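Numbering (the numbering used here), first residue to last: 4 to 193.
Written out below as C-alpha coordinates is the structure these notes cover.
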Amino acid sequence: MQNNENREFPKLTTSRLLLDPLTMKDAKDVFAIFSDPRVIKNYDVQIFKDISEAEGLIDYFYLRFESDTGIRWAIRDKQTGELIGSCGFNTWNPYDHCAVVGYELAPQFWGKGYASEAVSAILDFIFAKSFYFYVNRVEALILPQNKPSAQLVKKLGFALDGVMRGKTYWNDDFHDIAMYSMLNKQWHAR
(Lines of atoms letter the chains of each structure in order from A; the text may use other names.)
(Lines give C-alpha, C1' and ligand atoms only; values in the text may rest on other atoms or scores of the structure.)
Protein backbone atom coordinates (compact mmCIF):
# COMPACT_ATOMS: atom_id res chain seq x y z
CA MET A 4 0.00 0.00 0.00
CA GLN A 5 1.17 3.49 -0.68
CA ASN A 6 1.56 6.22 1.88
CA ASN A 7 -1.34 8.64 1.98
CA GLU A 8 0.60 11.73 3.11
CA ASN A 9 0.37 13.58 -0.20
CA ARG A 10 -3.00 12.27 -1.34
CA GLU A 11 -5.79 14.79 -1.27
CA PHE A 12 -9.16 13.68 0.02
CA PRO A 13 -11.36 13.27 -3.07
CA LYS A 14 -14.39 15.57 -3.21
CA LEU A 15 -17.34 14.34 -5.25
CA THR A 16 -20.49 16.08 -6.43
CA THR A 17 -23.85 14.97 -7.75
CA SER A 18 -26.81 17.02 -8.90
CA ARG A 19 -27.92 17.61 -5.29
CA LEU A 20 -25.00 16.57 -3.11
CA LEU A 21 -21.45 17.43 -2.15
CA LEU A 22 -19.35 14.60 -0.74
CA ASP A 23 -16.30 15.82 1.16
CA PRO A 24 -14.42 15.01 4.39
CA LEU A 25 -16.14 15.03 7.75
CA THR A 26 -14.61 17.63 10.09
CA MET A 27 -14.95 18.45 13.77
CA LYS A 28 -17.42 21.17 12.74
CA ASP A 29 -19.75 18.27 11.86
CA ALA A 30 -19.61 16.72 15.35
CA LYS A 31 -22.99 18.12 16.46
CA ASP A 32 -24.75 16.74 13.37
CA VAL A 33 -22.92 13.40 13.56
CA PHE A 34 -23.96 13.16 17.21
CA ALA A 35 -27.60 13.86 16.24
CA ILE A 36 -27.52 11.04 13.68
CA PHE A 37 -25.81 8.47 15.91
CA SER A 38 -27.90 9.31 18.98
CA ASP A 39 -31.14 8.69 17.08
CA PRO A 40 -32.56 5.23 17.90
CA ARG A 41 -34.14 5.00 14.42
CA VAL A 42 -30.65 5.10 12.87
CA ILE A 43 -28.88 2.95 15.46
CA LYS A 44 -31.37 0.07 15.33
CA ASN A 45 -29.80 -0.90 11.99
CA TYR A 46 -26.22 -0.09 12.92
CA ASP A 47 -23.71 -2.18 14.86
CA VAL A 48 -22.82 0.54 17.37
CA GLN A 49 -24.25 1.66 20.67
CA ILE A 50 -26.35 4.82 20.68
CA PHE A 51 -24.17 7.90 21.25
CA LYS A 52 -24.66 9.57 24.62
CA ASP A 53 -22.03 12.32 24.37
CA ILE A 54 -20.68 14.53 21.60
CA SER A 55 -17.17 13.23 22.32
CA GLU A 56 -18.29 9.94 20.74
CA ALA A 57 -19.11 11.79 17.51
CA GLU A 58 -15.71 13.49 17.64
CA GLY A 59 -14.09 10.08 18.12
CA LEU A 60 -15.96 8.69 15.11
CA ILE A 61 -14.84 11.61 12.94
CA ASP A 62 -11.24 10.99 14.07
CA TYR A 63 -11.65 7.28 13.32
CA PHE A 64 -12.88 7.99 9.78
CA TYR A 65 -9.99 10.42 9.22
CA LEU A 66 -7.45 7.86 10.45
CA ARG A 67 -8.93 5.21 8.13
CA PHE A 68 -8.21 7.52 5.19
CA GLU A 69 -4.72 8.42 6.46
CA SER A 70 -3.82 4.75 6.96
CA ASP A 71 -5.22 3.60 3.59
CA THR A 72 -7.77 1.31 5.23
CA GLY A 73 -11.00 3.09 4.29
CA ILE A 74 -12.63 6.37 3.36
CA ARG A 75 -15.75 8.14 4.62
CA TRP A 76 -17.40 11.13 2.98
CA ALA A 77 -19.75 13.63 4.56
CA ILE A 78 -22.97 13.80 2.53
CA ARG A 79 -23.99 17.46 2.28
CA ASP A 80 -26.81 19.31 0.61
CA LYS A 81 -25.06 21.02 -2.30
CA GLN A 82 -27.08 24.23 -1.94
CA THR A 83 -26.93 24.71 1.84
CA GLY A 84 -23.86 22.71 2.90
CA GLU A 85 -25.98 21.00 5.58
CA LEU A 86 -24.67 17.59 6.70
CA ILE A 87 -27.33 14.98 5.99
CA GLY A 88 -25.30 11.79 6.54
CA SER A 89 -22.12 9.99 5.57
CA CYS A 90 -21.05 7.20 3.26
CA GLY A 91 -17.89 5.41 2.30
CA PHE A 92 -15.89 2.25 2.31
CA ASN A 93 -15.46 0.95 5.84
CA THR A 94 -12.84 -1.55 4.88
CA TRP A 95 -11.01 -2.43 1.76
CA ASN A 96 -8.63 -5.19 0.95
CA PRO A 97 -6.08 -4.58 -1.82
CA TYR A 98 -5.17 -8.28 -1.83
CA ASP A 99 -8.72 -9.42 -2.58
CA HIS A 100 -9.55 -6.21 -4.53
CA CYS A 101 -12.66 -5.81 -2.39
CA ALA A 102 -14.29 -2.99 -0.40
CA VAL A 103 -17.27 -2.80 1.99
CA VAL A 104 -19.67 0.11 1.55
CA GLY A 105 -21.53 1.78 4.40
CA TYR A 106 -23.87 4.75 4.72
CA GLU A 107 -26.39 6.44 6.97
CA LEU A 108 -28.60 9.50 6.78
CA ALA A 109 -30.36 11.63 9.34
CA PRO A 110 -33.99 10.37 9.40
CA GLN A 111 -35.46 13.62 8.07
CA PHE A 112 -33.65 12.88 4.78
CA TRP A 113 -34.85 9.28 4.38
CA GLY A 114 -36.91 8.33 1.36
CA LYS A 115 -35.71 11.19 -0.85
CA GLY A 116 -33.09 9.32 -2.89
CA TYR A 117 -30.09 10.96 -1.21
CA ALA A 118 -28.48 7.70 -0.08
CA SER A 119 -28.73 6.04 -3.49
CA GLU A 120 -27.39 9.21 -5.14
CA ALA A 121 -24.41 9.32 -2.76
CA VAL A 122 -23.66 5.58 -2.94
CA SER A 123 -23.88 5.67 -6.73
CA ALA A 124 -21.32 8.51 -6.78
CA ILE A 125 -18.84 6.69 -4.56
CA LEU A 126 -19.27 3.47 -6.57
CA ASP A 127 -18.52 5.44 -9.75
CA PHE A 128 -15.42 6.77 -8.02
CA ILE A 129 -14.10 3.50 -6.59
CA PHE A 130 -14.76 1.48 -9.74
CA ALA A 131 -13.39 4.13 -12.13
CA LYS A 132 -10.46 5.43 -10.14
CA SER A 133 -9.98 2.42 -7.89
CA PHE A 134 -8.27 4.94 -5.61
CA TYR A 135 -4.90 3.26 -5.27
CA PHE A 136 -5.69 -0.35 -6.17
CA TYR A 137 -8.07 -2.06 -8.57
CA VAL A 138 -11.43 -2.75 -6.89
CA ASN A 139 -13.23 -5.74 -8.36
CA ARG A 140 -15.98 -6.17 -5.76
CA VAL A 141 -17.92 -3.96 -3.37
CA GLU A 142 -19.95 -5.59 -0.60
CA ALA A 143 -22.86 -4.22 1.42
CA LEU A 144 -23.50 -5.94 4.77
CA ILE A 145 -27.09 -5.32 5.87
CA LEU A 146 -29.29 -6.56 8.69
CA PRO A 147 -32.07 -8.60 7.04
CA GLN A 148 -34.75 -6.50 8.76
CA ASN A 149 -33.32 -3.28 7.28
CA LYS A 150 -35.60 -3.34 4.24
CA PRO A 151 -34.92 0.24 3.04
CA SER A 152 -31.17 -0.40 2.89
CA ALA A 153 -31.68 -3.70 1.07
CA GLN A 154 -33.97 -1.93 -1.42
CA LEU A 155 -31.33 0.76 -1.97
CA VAL A 156 -28.56 -1.68 -2.93
CA LYS A 157 -30.92 -3.79 -5.04
CA LYS A 158 -32.01 -0.63 -6.89
CA LEU A 159 -28.33 0.03 -7.62
CA GLY A 160 -27.95 -3.51 -9.01
CA PHE A 161 -26.30 -5.33 -6.10
CA ALA A 162 -26.93 -9.08 -5.92
CA LEU A 163 -27.78 -10.91 -2.70
CA ASP A 164 -24.98 -13.40 -2.07
CA GLY A 165 -26.61 -14.89 1.01
CA VAL A 166 -27.25 -14.45 4.71
CA MET A 167 -24.47 -15.05 7.22
CA ARG A 168 -26.15 -16.44 10.32
CA GLY A 169 -25.04 -15.04 13.67
CA LYS A 170 -22.25 -13.07 11.94
CA THR A 171 -22.10 -10.00 14.17
CA TYR A 172 -22.51 -9.33 17.89
CA TRP A 173 -23.74 -6.15 19.54
CA ASN A 174 -26.38 -5.11 22.06
CA ASP A 175 -25.84 -8.43 23.85
CA ASP A 176 -27.00 -10.55 20.93
CA PHE A 177 -25.85 -12.19 17.72
CA HIS A 178 -27.27 -10.89 14.46
CA ASP A 179 -27.56 -12.27 10.94
CA ILE A 180 -26.10 -10.19 8.12
CA ALA A 181 -27.25 -10.25 4.50
CA MET A 182 -24.34 -9.86 2.10
CA TYR A 183 -24.94 -8.06 -1.18
CA SER A 184 -22.26 -7.46 -3.80
CA MET A 185 -21.51 -5.48 -6.92
CA LEU A 186 -18.70 -6.35 -9.34
CA ASN A 187 -16.70 -3.76 -11.24
CA LYS A 188 -17.65 -5.15 -14.66
CA GLN A 189 -21.31 -5.38 -13.59
CA TRP A 190 -21.29 -1.71 -12.50
CA HIS A 191 -19.81 -0.60 -15.83
CA ALA A 192 -22.25 -2.76 -17.84
CA ARG A 193 -25.41 -1.22 -16.40
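Each residue gets a CB set at the ideal place from its N, CA and C atoms; glycine is no exception.
Bear in mind that the values here come from a model prediction, so they are computed numbers and not experimental data.
Within the same chain, Cβ atoms closer than 6 Å to the Cβ of Val42 are found at Ile36, Glu107, the five residues on either side in sequence being excluded. Between Ser119 and Leu146, the gap from beta carbon to beta carbon reaches 9 Å or more.
DSSP, reduced to helix, strand and coil, places Gly105 within a strand of the structure shown. Sixteen is the threshold: since fewer than 16 other Cβ atoms of the shown chains lie within 10 Å of the Cβ of Met167, the residue is exposed. Beyond the five residues adjoining it in sequence on each side, Tyr117 comes within less than 8 Å, by CB distance, of Arg19, Leu20, Ile78, Ile87, Gly88, Leu108 in the same chain, given in chain order.
Along the length of the stretch 137 to 170, whole alpha helix (DSSP H) runs at least 4 residues long occupy 150 to 158, reported in chain order. Across the structure, Cys101 and Glu85 are spaced so that their CA atoms are roughly 31 Å apart.
Counting C-beta pairs closer than 8 Å gives three or more between the stretch 135 to 149 and the stretch 180 to 190, which meets the contact rule. Taking the Cα positions, Trp95 is about 11 Å away from Ile129.
Here the alpha carbons of Phe34 and Gly73 stand approximately 21 Å from one another.
Across the set Val122, Leu163, Thr171, the C-alpha of Val122 shows the shortest separation from the C-alpha of Thr17. For Tyr117, the enclosing alpha helix (DSSP H) starts and ends at 117 to 132. Just measuring C-alpha positions, the residue of Asp62, Thr171, Ala181, Asp71 sitting nearest Leu163 is Ala181.
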